[in-house]
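Straight run, no breaks: the sequence shown in full-length UniProt numbering ends on number 123. A quick write-up on the structure given underneath.
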Amino acid sequence: MESDLCNTCNNFFINLDGLCSACYNIKIERLKILKSLSDFANYFKQAKTSVVKKISPQCDLSKCWLCQKRIKSLNFICQCGYSFCLQHRIPEVHNCTFDYRNHGKSRLSKENPRVVAEKFTRI
1 MESDLCNTCN
11 NFFINLDGLC
21 SACYNIKIER
31 LKILKSLSDF
41 ANYFKQAKTS
51 VVKKISPQCD
61 LSKCWLCQKR
71 IKSLNFICQC
81 GYSFCLQHRI
91 PEVHNCTFDY
101 RNHGKSRLSK
111 ENPRVVAEKF
121 TRI
């Protein structure tokens, strides 16, 4: 006659997998951890294989960085450090790497300190 106890701990009765509920839960947790670790490893493998494009500094500020068109008097130097013509001056058009949102938030917090009124004393 076969024993109806767990294969790993031999303390509790088994279910269809041959494990008790406690050992089964431990097994499921280990499988979740292994799956998350493998997903994490796959993410970094993909990150290593992706090519990182290095952007060289712009030497000639009299030409647009994207179209290389000569800029006469209306050149626009963006916060990212490159010079653009009137067509490419908008940050969304030239895929600007400068973070305008956080720059604006930090600038507002520096220029406008929080004003707190004094508390009134109750009579």
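Even glycine gets a Cβ: it sits at the ideal position worked out from N, Cα and C.
Asked	Found
Per DSSP, the bridge partner or partners of I77	S83
Cβ separation of H88 and C64, assumed to be a contact under 8 Å, to the nearest whole Å	6 Å
Coarse secondary structure for K32, derived from DSSP in three states	helix
Boundaries (first-last residue) of the alpha helix (DSSP H) holding N102	100 to 111
Under the three-state DSSP convention, the category L5 falls into	strand
6 Å Cβ shell around K27 - same chain, five flanking residues per side excluded	none
For F13: DSSP bridge partner residues	L5
K27 - DSSP class collapsed to helix/strand/coil	helix
Status (buried if at least 16 other CB within 10 Å, exposed otherwise) for Y100	exposed
Reduced DSSP secondary structure (H/G/I, E/B, other) of residue 170	This structure cannot speak to residue 170, because the chain is shown only from 1 to 123.
Straight-line gap, S109 to V116 (C-alpha atoms, nearest Å)	14 Å
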